[in-house]
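Engineer: Please see the structure below; I have some questions.
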Amino acid sequence: MRFKFDGLYNRRQSSQQLAGFPLASVNTGILLSGDSYYNPYNSAYGGDGRDVGWSHRLTAFARTYQQDVKTSHVYTGLEGDFQFADRQFSWDVGFAHNQTDQTETQYGDVNLLNLSNALGASGIVNGTLCAWTVAVPSLPAACRLIRCRRPVA
1171 MRFKFDGLYN RRQSSQQLAG FPLASVNTGI LLSGDSYYNP YNSAYGGDGR
1221 DVGWSHRLTA FARTYQQDVK TSHVYTGLEG DFQFADRQFS WDVGFAHNQT
1271 DQTETQYGDV NLLNLSNALG ASGIVNGTLC AWTVAVPSLP AACRLIRCRR
1321 PVA
């Protein structure tokens, strides 16, 4: 009978830097809402209320991806040989434990949910520019308000 042991610990820290990327309504499906305060076709300003396609190249800042990966492995066991009825047998029994912990951090990517909210319906409420989830300004503010910005002069 023999005792077996195998162990490993590894830590990898790495990062990649990539160029900015084109961001557009074509590849996100997110349009500037026809009910947006910033849309020149907003019906509140005499426009036809149509949604507007847009494009913006995000080249000012690079995208950065960082990884910190820790891996551990432990195996312990017994092995042996025996003979039975004129035949040779080998056997082993053991326990293995493997674990990987990974932390990945990304900078410079766009949060599409926030982008969708920012390009959605918006308007002036009590002298403040506000955005809401549906294009119905008459709804109670508690039902629709996402955020409000600076007061409008």
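Each residue of the sequence shown is one higher than the last, beginning at 1171 in the working numbering.
Just so it is clear, CB atoms sit at the ideal spot from N, CA and C, and this is done for glycine as well.
Bear in mind the structure is a predicted one, so any value in this text is a computation, not a measurement.
#1: Counting beta carbon pairs with one atom in the stretch 1281-1292 and one in the stretch 1200-1212, are three or more of them shorter than 8 Å?
#2: Rounding to the nearest angstrom, what Cα-Cα distance links alanine 1301 and serine 1286 in this structure?
#3: What do you get for asparagine 1212, buried or exposed, if any count of 16 or more other CB atoms within 10 angstroms of its CB means buried?
#4: Please classify serine 1195: does DSSP put it in a helix, a strand, or coil?
#5: Curious, which full-length alpha helix (DSSP H) runs of at least 4 residues does the stretch 1189-1268 contain?
#6: Under a three-way DSSP split, which group does alanine 1291 fall into?
#7: When we look at the beta-carbon of asparagine 1202 and count the other beta-carbons within 10 Å, is it buried (16 or more) or exposed?
#8: So, at 6 Å on beta carbons, what are the nonlocal neighbours of arginine 1227 in its own chain, with the 5 sequence-adjacent residues on each side left out?
Structural biologist: Taking the coordinates as given:
#1: A contact exists between the stretch 1200-1212 and the stretch 1281-1292.
#2: If you draw a straight line from the Cα of alanine 1301 to the Cα of serine 1286, it is about 11 Å long.
#3: That one is buried.
#4: Helix, per DSSP.
#5: Taking 4 residues as the shortest admissible run, the stretch 1189-1268 contains the following complete alpha helix (DSSP H) segments, listed from N- to C-terminal end: 1195-1198.
#6: Collapsing the DSSP output to three states places alanine 1291 in coil.
#7: Checking the displayed sequence, the identity of residue 1202 turns out to be leucine instead of asparagine. With 16 or more other Cβ atoms within 10 Å, it is buried.
#8: Excluding residues within five positions, the ones whose Cβ falls inside 6 Å are Pro1192.
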